[in-house]
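In the numbering used here, the protein residues as written are 34 to 445.
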């Protein structure tokens with residue numbers, strides 16, 4: 034029968050080997066795949082993925098005992114919950130522990146947050162480069178906000194303080210603007226963030242005509258909390274949205290992938306509400322300014338035409354008088370011309386009459402008789418032609434100083 038070891042002996046040997054080789058704590062980097070807290074102690078599973086295939090190449094259990102957890106809370110404060118979350122890459126200071134009954138476990142003594150933040154930044158840069166290579170970095174920025182924003186699709190959690198602040202700030206705006214908001218519920222932190230945010234963006238895109246813009250809202254958090262938005266799929270969905278996407282996910286300095294590809298990035302949910310209100314106020318101001326300009330232009334136009342109308346009225350009122358005056362002058366001139374013409378005509382005719390009178394006087398029979406002419410009559414008819422003279426008729430010859438009657442007989 035071959036020699037053998039009992040399981041206990043084997044595990045005891047392994048424990049001694051590990052204790053000998055890992056007498057001091059060591060730093061280990063891994064990803065937290067599962068985590069839970071039980072009675073102040075934290076239990077988690079750590080995994081390591083292959084860089085090429087993303088398959089799990091190593092896995093081990095780890096724990097943080099209560100005293101160490103208190104130490105880490107005092108040291109890291111609000112950053113600790115973000116570090117101790119599923120899917121986070123962490124650098125842990127651990128004591129390698131092996132017991133004969135429970136096997137090997139890593140006991141966490143400390144966490145280096147700078148490693149996690151550095152890993153996240155590297156991941157963020159890789160995602161941004163991929164989005165840039167696919168031409169998605171500025172795609173959503175090319176979409177246009179309408180002149181007035183009223184129909185708003187909101188991606189948030191309905192009980193998130195940031196969402197409540199956003200809604201209250203919109204509804205209580207001092208200008209009386211009315212908004213219609215539609216909430217698309219999604220986890221904004223944790224493993225479900227990618228799936229739920231992407232689904233919300235898809236749902237909004239399918240009914241894009243119903244909305245003026247999309248606003249992603251969350252109520253602040255640490256840099257690690259915001260790392261859930263350093264996600265390629267979320268960034269790609271935002272970039273491809275047919276309507277502008279705004280982000281107000283509660284940070285002052287660091288921009289996530291979602292912020293980088295969004296149409297407009299605001300620091301907080303309240304800032305997002307202020308931006309929308311200000312956008313509408315700018316439009317109202319432009320309308321008011323345009324109305325004022327039109328009013329001034331119309332007033333100036335009316336005044337100019339009133340002046341022109343007054344001048345025209347004055348000109349029209351003066352024109353008849355001027356016309357009458359000119360007509361009077363014309364009539365006077367015509368009258369004087371007629372008088373002069375009539376006088377000239379009368380004078381001419383008077384001269385003609387005078388001349389005719391003189392001619393008539395010259396041609397009077399008595400004047401002709403004075404000149405030696407005689408008038409021959411036969412049967413009381415003046416004989417002016419020889420052919421009309423009757424040689425056998427009774428003839429009367431009138432002289433200037435008397436008449437002579439003759440009885441002629443033709444002897445031939």
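The beta-carbon is built from N, C-alpha and C at its ideal position, and this holds for glycine as well.
* Going straight from the alpha carbon of residue 402 to that of residue 375, what length do you get? -> The residue labelled residue 402 in the question sits at position 369 within the chain shown. The residue labelled residue 375 in the question sits at position 342 within the chain shown. So the two alpha carbons sit approximately 40 Å from each other.
* Asked: With C-beta atoms as the reference, is residue 124 less than 7 Å away from residue 145?
  -> Looking up residue 124 in the chain shown gives position 91. Looking up residue 145 in the chain shown gives position 112. Cβ distance < 7 Å, so residue 124 and residue 145 count as in contact.
* Asked: Which class does residue 407 belong to by DSSP, given the choice of helix, strand or coil?
  -> For the purposes of this step, residue 407 is taken as residue 374 along the chain shown, with counting starting at 1. If DSSP states are grouped into helix, strand and coil, residue 407 belongs with coil.
* **Own chain, CB closer than 6 Å to residue 80, minus 5 neighbours either side, in chain order** => Within the chain shown, residue 80 is the residue found at index 47, counting from 1. Excluding sequence neighbours, residue 80 sits near 64, 66, 89, 92.
* Asked: Would the beta-carbon of residue 187 fall within 7 Å of that of residue 214?
  -> Taking the chain shown and counting its residues from 1, the one referred to as residue 187 is at position 154. Taking the chain shown and counting its residues from 1, the one referred to as residue 214 is at position 181. When the beta-carbon positions are compared, residue 187 and residue 214 come within less than 7 Å of each other.
* Sort 408, 41, 429, 348 by Cα distance to residue 133 and report the nearest one. => Counting from one through the chain shown, the residue named residue 133 turns up at place 100. It is 41.
* For residue 432, the residue or residues it bridges with in DSSP -> In the chain shown, counting from the first residue as 1, residue 432 sits at position 399. Its beta-bridge partners are 435.
* To do: Under 6 Å Cβ to Cβ from residue 143, same chain only, skipping five residues before and after it: list those, please.
  => The residue you call residue 143 lines up with position 110 of the chain shown. Apart from sequence neighbours up to five positions away, the residues of its chain that approach residue 143 with a beta-carbon distance below 6 Å are 126, ordered along the chain.
* Please name the residue, chosen from 427, 405, 404, 406, that lies closest to residue 414 on a Cα-to-Cα basis. => Indexing the chain shown from 1 puts residue 414 at position 381. Of the residues 427, 405, 404, 406, the one whose Cα lies closest to the Cα of residue 414 is 427.
* To do: Under the assumption that residue 252 contacts residue 194 (Cβ atoms under 8 Å), give the Cβ distance between them as a whole number of angstroms.
  => On the chain shown, residue 252 is found 219 positions in, with the first residue counted as 1. On the chain shown, residue 194 is found 161 positions in, with the first residue counted as 1. Taking the Cβ atoms as the reference, residue 252 lies roughly 4 Å from residue 194, within the contact range of under 8 Å.
* Exposed or buried, which one is residue 268 when buried takes at least 16 other CB atoms within 10 Å? -> On the chain shown, position 235 is the one that residue 268 refers to. Counting Cβ neighbours within 10 Å, residue 268 comes out buried, since at least 16 surround it.
* **Buried versus exposed, by CB contacts within 10 Å (16 or more), residue 421** => Mapped onto the chain shown, residue 421 falls at position 388. That one is exposed.
* Asked: For the alpha helix (DSSP H) that contains residue 149, what are its first and last residues?
  -> Here the question's residue 149 lines up with position 116 in the chain shown. Run containing residue 149: 146-166, per the alpha helix (DSSP H) assignment.
* **Backbone CA spacing between residue 418 and residue 373 [nearest angstrom]** => Here residue 418 corresponds to residue number 385 of the chain shown, with the count starting at 1. Here residue 373 corresponds to residue number 340 of the chain shown, with the count starting at 1. Distance between the alpha carbons of residue 418 and residue 373 is about 49 Å.
* Can you name the residues that DSSP bridges to residue 131? -> Counting from one through the chain shown, the residue named residue 131 turns up at place 98. Beta-bridge pairing links residue 131 to 137.
* Asked: residue 240 and residue 179: beta carbons closer than 7 Å?
  -> Mapped onto the chain shown, residue 240 falls at position 207. Mapped onto the chain shown, residue 179 falls at position 146. No, the pair does not count as a contact, with Cβ atoms beyond the cut-off.
* **Proximity winner among 38, 238, 148, 191, relative to residue 220 (alpha-carbon distances)** => By one-based count along the chain shown, residue 220 stands at place 187. Comparing Cα positions, the closest option is 191.
* Identify whether residue 60 lies in helix, strand or coil by the three-state DSSP scheme. => By 1-based counting over the chain shown, the position of residue 60 is 27. DSSP places residue 60 within a strand segment (E or B) once states are collapsed to three.
* Is the CB-CB distance between residue 263 and residue 290 below 7 Å? -> In the chain shown, the residue the question calls residue 263 occupies position 230. In the chain shown, the residue the question calls residue 290 occupies position 257. With respect to residue 290, residue 263 sits close: the two C-beta atoms are nearer than 7 Å.
* Asked: By DSSP, does residue 55 sit in helix, in strand, or in coil?
  -> The sequence position of residue 55 within the chain shown is 22, counting from 1. Three-state DSSP puts residue 55 in coil, outside helix and strand.
* Whose CA, out of 206, 275, 261, lies closest to the CA of residue 234? -> By one-based count along the chain shown, residue 234 stands at place 201. Checking every option, the nearest Cα to that of residue 234 belongs to 275.
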